[in-house]
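Under my numbering, residues 663 to 841 are what the sequence shown spells out, in order.
Note that CB positions come from ideal geometry on N, CA and C, so glycine has one too.
It should be emphasised that the depicted structure is a prediction, and the values quoted were computed from it without experimental measurement.
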Amino acid sequence: MEFARRDSQNDFGIDPLTGALLPTKFNEILAREIMFSKRANTAISVVTISISKNAQENFKKFSHEKDFLIDEFMVQLVFELRKILRKTDCICRINVTGLWLLITNPPSSTRLLEVDQNVLINRVKVLAYQVLTKYFANFSSASELASISASSLLIEQVVYSGEEYLEYLARIDRSFFLN
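So, in structure tokens, the structure goes:
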């Protein structure tokens, strides 16, 4: 029965561990948002978050089951991100060590489109580092905790600039997978 439940969740495009979207569902939503953005002149960005190689080594120090610790961290990160993201935004677990966030801005004639989006993206960055630091505090001494820095998470914003869906997706992929 457990396997049947997991398969049905995957059918709906949800990662059973974190509750984040799977890449296929995320890509469907991204394609739809790009079409909407072109019609309504709205701003969208994808924020990529990945655990650096250095931080992955830190996870390895604390347990021979590094993947379990990374999974646990990702669950906590998704949980905390959901608290600050809006209903129009979404989270995707792209692989074991990374997330993509689709950040949208609804159209408005009374304010600059970029303001709310950039404020939210800065909050995402701060929150991601807070979750990582808090997570490592459970395992680390003060000296080990000091080695965990801003470089432990690789966070990039890829702003949509009007190109076609596949071109934008290729830019996101380059930003995420080449780091």
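{"Asked": "What is the DSSP secondary structure of Leu-789, counted as helix, strand or coil?", "Found": "helix"}
{"Asked": "Beta-carbon separation of Leu-815 and Ile-713 under 8 Å?", "Found": "yes"}
{"Asked": "Can you give me the C-alpha to C-alpha distance between Leu-763 and Leu-743, rounded to a whole angstrom?", "Found": "9 Å"}
{"Asked": "To the nearest angstrom, how far is the alpha carbon of Ala-693 from that of Ile-817?", "Found": "22 Å"}
{"Asked": "Where Gln-819 and Phe-724 are concerned, what is the direct C-alpha to C-alpha distance, given to the nearest angstrom?", "Found": "30 Å"}
{"Asked": "Verify whether the separation of the beta carbon atoms of Thr-680 and Gln-718 is less than 8 Å.", "Found": "no"}
{"Asked": "Among the candidates Ile-732, Phe-838, Lys-796, Ile-691, whose CA atom is the shortest distance from the CA of Tyr-844?", "Found": "Because residue 844 is not part of the residues shown, which for the chain are 663 to 841, the question remains open."}
{"Asked": "Could you tell me the alpha carbon to alpha carbon distance between Glu-695 and Asp-835, rounded to whole angstroms?", "Found": "17 Å"}
{"Asked": "Taking the alpha helix (DSSP H) that Thr-686 falls in, what are its first and last residues?", "Found": "685-702"}
{"Asked": "Using a threshold of 8 Å, state whether the C-beta atoms of Leu-747 and Val-793 are closer than that.", "Found": "no"}
{"Asked": "Within 10 angstroms of the Cβ of Thr-710, are there 16 or more other Cβ atoms? Answer buried if so, exposed if not.", "Found": "buried"}
{"Asked": "Cβ of Phe-741 within 8 Å of Cβ of Ile-732?", "Found": "no"}
{"Asked": "Would you identify the three-state DSSP class for Ser-670, choosing helix, strand or coil?", "Found": "Only weak support is given to the placement of Ser-670: the predicted model assigns it a pLDDT of 44, under 50, and the value that follows is read from those uncertain coordinates. Reduced to three states, the DSSP call for Ser-670 is helix."}
{"Asked": "Label Asp-751 either buried or exposed according to how many other C-beta atoms from any shown protein chain fall within 10 Å of its C-beta, with 16 as the threshold for buried.", "Found": "buried"}
{"Asked": "Is the CB-CB distance between Gln-779 and Ala-832 below 8 Å?", "Found": "no"}
{"Asked": "What residue from Phe-838, Phe-730, Ile-756, Ser-813 has the CA that sits closest to Phe-688's CA?", "Found": "Ile-756"}
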